[in-house]
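**Q** The structure that follows is given in the form of structure tokens.
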Ligand SMILES: [Zn+2]
């Protein structure tokens, strides 16, 4: 077998398997989604989408 063992996790925001990103608790967020979230202002129409995606994370964090 010559396949490289690259760990791909599914991003909870874009639902795509990515190699690079951050894992918060048990959920994975890819680098591009993470930087997009960071640069999305609260008044942006995409912001509620991110918040909703991340809600279960925060719930777990503050549990
Ligand atoms: Zn993503």
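In our numbering, the protein residues as written are 5 to 67. Glycine is no exception: its CB is placed at the ideal position from the N, C-alpha and C atoms.
1) Sorted by chain position, which residues of the same chain lie with C-beta nearer than 7 Å to residue 16's C-beta, five sequence neighbours on each side aside?
2) Please report the Cβ distance between residue 38 and residue 26, rounded to the nearest whole angstrom; I am assuming they are in contact, meaning their Cβ atoms lie under 8 Å.
3) By the three-class DSSP mapping on this structure, what secondary structure does residue 52 have?
4) Quick check on DSSP: helix, strand or coil for residue 20?
5) With respect to 7 Å, is the separation between the Cβ of residue 13 and the closest non-hydrogen atom of ligand 1 below this value?
**A** According to the data block:
1) Indexing the chain shown from 1 puts residue 16 at position 12. These residues qualify, in order along the chain: 31, 32, 33 and 57.
2) Here residue 38 refers to the residue found at position 34 when the chain shown is read from its first residue. Here residue 26 refers to the residue found at position 22 when the chain shown is read from its first residue. That pair is a contact at about 6 Å.
3) Your numbering for residue 52 matches position 48 in the chain shown. Residue 52 falls in the helix class under three-state DSSP.
4) By 1-based counting over the chain shown, the position of residue 20 is 16. Correct three-state label for residue 20: coil.
5) Counting from 1 along the chain shown, the entry for residue 13 is found at position 9. No, the beta carbon of residue 13 sits no closer than 7 Å to any heavy atom of ligand 1.
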